[in-house]
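Visitor: The structure's right below; bear with me while I get my questions together.
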């Protein structure tokens, strides 16, 4: 805006007849905008004494529409021959009114100048990506919003302090959902309380630890599939009586048939 103009001389005699005082607010340049002015009219004598003053200040608004680009170009942008704003680096929009922040502002942050975000209460960081948590997230939880935590599977609560499993998982198992345990290797069951033996302990043993069987009396072996004394019983079992026919030797045949024939007389 240029300096205001008045339709009467600032110095001179006050006329006796009624006159209208006009104040002008000329636009300047090729910019659009609205200006506000507060005007007070004071009449003083030659000695500087106030003899007349408006009882209240008058407020005027002036709208200028001089820009070649409707709405004008802001933040150093200029209107080109196509009547389009060309923006400097870091600004964009029809009037270059928007700043560009890389990375963009998160969680409701406002980019005011290139690379600078104004963060809402409870957030901070170069792009408002960090929450300002006054409470602590336990058990591996991550603060993502003021006073709120992202909890790992199986946990809940404002600070991830509550397990979703009413009974704790045993033997290194982890709670992954409501009353649901993920067991470590070698265990199974709802609470991971049952050891696993591979292969199983069979009919004569129970699994007491991973791949450790406790055998019943009289049985042994890794899988309780061997019985004590089984080899001894097999050795003591009768094998039956078998008859063999023997061929007599020549001497035995001679004895059974009497002495040999002879030509001699005794």
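Residue numbers (the numbering used here): 29 to 294. We put the CB at the ideal spot given by N, CA and C, even for glycine.
(1) With DSSP run on the structure shown, which of helix, strand or coil describes residue 369?
(2) In this structure, does DSSP put residue 34 in helix, strand or coil?
(3) Taking the continuous beta strand (DSSP E) assigned at residue 256, which residues delimit it?
(4) Assign residue 73 to buried or exposed, taking buried as 16 or more other Cβ atoms, counted over all protein chains shown, within 10 Å of its Cβ.
(5) Let's see if you can read the secondary structure: which residues bound the beta strand (DSSP E) around residue 78?
(6) Check residue 219 in the structure and name its three-state DSSP category.
(7) Excluding the 5 residues preceding and the 5 following residue 39 in the sequence, name in chain order all residues of the same chain whose CB lies nearer than 8 Å to its CB.
(8) Throw me the rounded Cβ distance for the residue 199 and residue 220 pair, which I believe falls under 8 Å.
(9) So what does DSSP say about residue 184, is it helix, strand or coil?
(10) Which residue or residues does DSSP assign as beta-bridge partners of residue 66?
(11) Taking residue 130 as the reference, give the member of 99, 122, 118, 81 with the closest Cα.
(12) Quick one: is residue 111 buried, meaning 16 or more other Cβ sit within 10 Å of its Cβ, or exposed?
Guide: If we stick to the structure as given:
(1) Examination of residue 369 is not possible in this model, given that the chain is present from 29 through 294 alone.
(2) Looking up residue 34 in the chain shown gives position 6. If DSSP states are grouped into helix, strand and coil, residue 34 belongs with the strands.
(3) Counting from one through the chain shown, the residue named residue 256 turns up at place 228. That residue, residue 256, is in no beta strand (DSSP E); it is neither H nor E in DSSP.
(4) Here residue 73 refers to the residue found at position 45 of the chain shown. Residue 73 should be labelled exposed.
(5) The sequence position of residue 78 within the chain shown is 50, counting from 1. Where residue 78 is concerned, the enclosing beta strand (DSSP E) stretches over 78-81.
(6) Taking the chain shown and counting its residues from 1, the one referred to as residue 219 is at position 191. It is coil, neither helix nor strand.
(7) Locating residue 39 in the chain shown gives position 11, counting from the first residue. There are no such residues.
(8) Translated into the one-based positions of the chain shown, residue 199 becomes position 171. Translated into the one-based positions of the chain shown, residue 220 becomes position 192. Indeed they touch by this definition, with Cβ atoms about 5 Å apart.
(9) Position 156 of the chain shown holds residue 184. The answer is strand: DSSP assigns residue 184 an E or B state.
(10) Against the chain shown, residue 66 aligns to sequence position 38. Beta-bridge pairing links residue 66 to 87.
(11) Residue mapping note: residue 130 aligns to position 102 of the chain shown, counting from 1. When each option's Cα is compared against that of residue 130, the closest is 118.
(12) For this step, residue 111 is matched to residue 83 along the chain shown. Residue 111 is exposed by the Cβ-count criterion.
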